[in-house]
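S.K.:
Residue numbers (the UniProt record's numbering): 1 to 214.
1. For residue 40, tell me which candidate among 178, 84, 99, 62 has the shortest Cα-Cα distance.
2. In this structure, what does DSSP give as the bridge partners for residue 37?
3. List the whole-angstrom C-beta distance separating residue 151 from residue 133, where the pair is believed to meet the contact cut-off of C-beta under 8 angstroms.
4. Does the segment 22-36 come close enough to the segment 45-64 that 3 or more CB-CB pairs lie under 8 angstroms?
5. Kindly indicate which residue of 201, 86, 125, 91 has the alpha-carbon position closest to the one of residue 104.
6. Taking residue 131 as the reference, which of 59, 3, 186 has the closest Cα?
7. Threshold first: 3 residues or longer. Then list the beta strand (DSSP E) segments lying entirely within the segment 91-118, N to C.
8. Going residue by residue through the segment 151-183, where are the continuous beta strand (DSSP E) segments of at least 3 residues, counting only ones entirely within it?
9. Enumerate in chain order the residues of its own chain whose CB-to-CB distance from residue 166 is below 8 angstroms, with the five nearest sequence positions on each side excluded.
10. Using 8 angstroms as the threshold, is the C-beta distance between residue 69 and residue 35 below it?
11. What did DSSP end up calling residue 129 once you bin it into helix, strand or coil?
12. Just to confirm, is the Cβ distance from residue 205 to residue 180 under 8 angstroms?
13. Leaving out five residues before and five after residue 147 in sequence, what residues of the same chain have Cβ atoms less than 8 angstroms from its Cβ?
14. Would you check if there are 3 or more beta carbon pairs closer than 8 angstroms linking the segment 86-102 to the segment 50-61?
15. Give the C-beta separation of residue 120 and residue 113 to the nearest angstrom, bearing in mind that I take them to be a contact with Cβ-Cβ under 8 angstroms.
16. Which residue from 95, 107, 71 puts its Cα closest to that of residue 82?
17. Answer with buried or exposed for residue 156, where buried requires no fewer than 16 other C-beta atoms within 10 angstroms of its C-beta.
18. Considering only C-alpha positions, which residue in the set 154, 17, 48, 192 is nearest to residue 178?
19. Short check: CB of residue 199 to CB of residue 173, under 8 angstroms?
20. Per DSSP, what kind of secondary structure is residue 20 in: helix, strand or coil?
21. Go through its chain and collect everything with a Cβ distance to residue 97's Cβ below 6 angstroms, but skip five positions before and after it.
22. Going by DSSP in three states, residue 85 sits in which element: helix, strand or coil?
Next comes the structure, spelled out in C-alpha cells:
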C-alpha cells in the first residue's frame with residue numbers, strides 16, 4: 001500500500017472566499033498543509049491553466065505535493081505530482097495517466113461507495129477519495145452521507161482511503177478510527193477566515209488521534 005504525502009488533502013475552490021486562490025493555498029501551506037488538490041474545473045482551459053500555474057508556484061516553493069483534478073494534460077503542463085480522476089476510471093485511464101506523468105505519479109480516483117473503492121483498487125489507483133462522509137453543501141448530488149460506518153466498511157481494503165465531505169478538525173478522530181489514511185477538506189479551508197489556523201487545527205487533530213491510546 002502506497003503511503004500518502006500528507007494526512008490532509010486541501011481541495012481548492014476559488015469561490016470559497018474573496019481573496020485570491022493562490023493566497024489561500026499559501027496560507028494552507030504556511031499552516032503545515034503539504035498536499036494540494038487543484039480543482040476549480042469550471043474554468044475555461046486557458047484561465048484554469050493560468051490559475052493552476054499560480055497555485056503550482058506556491059506548492060513547489062513549499063516543497064509540497066500538487067494533484068490536479070481530472071486533466072492529465074494540465075497536470076503534465078504544471079509539473080504536478082499526480083492527477084485525481086473521476087469515479088469509474090478504469091485500468092486504461094489510470095495507466096494512461098501514469099504513462100503521461102511518470103511511474104512515480106500519484107493517481108487518485110473518486111468513489112462514493114465501498115464497491116467503487118474496490119474497483120479503484122483493481123484498476124491500479126494509488127488511493128481513492130470516499131464521499132460524502134457527512135452531508136455537505138458542496139457535494140449535494142452523491143447520495144446520502146455514508147457516515148463513519150460506511151467509511152469503515154470501505155477502508156477494509158488494500159487501498160488508502162481519503163475521507164471527504166463535511167469534515168473539520170472535530171471529526172478527524174472518528175475518521176482515523178474508521179481507518180481513513182487521510183482527510184480531504186475544501187470548504188473548511190477555502191472559506192476559513194484564517195486558512196493557516198484551520199489547516200493547523202486539522203493536522204493537530206490528526207496527530208492527537210494518532211497518539212490516542214487504543
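Beta carbons are placed, not taken as given, at the ideal position from N, Cα and C, and that holds for glycine.
On a predicted model such as this, the values are computed, not experimentally measured, just so you know.
M.R.: Let me lay it out:
1. 84
2. 11, 67
3. 6 angstroms
4. yes
5. 125
6. 186
7. 106-111
8. 161-164
9. 132, 133, 134, 135, 136, 145
10. no
11. strand
12. no
13. 133, 134
14. no
15. Between residue 113 and residue 120 the Cβ distance is about 11 angstroms, and since that is not below 8 angstroms, they are no contact.
16. 107
17. exposed
18. 154
19. no
20. coil
21. 72, 83, 107
22. strand
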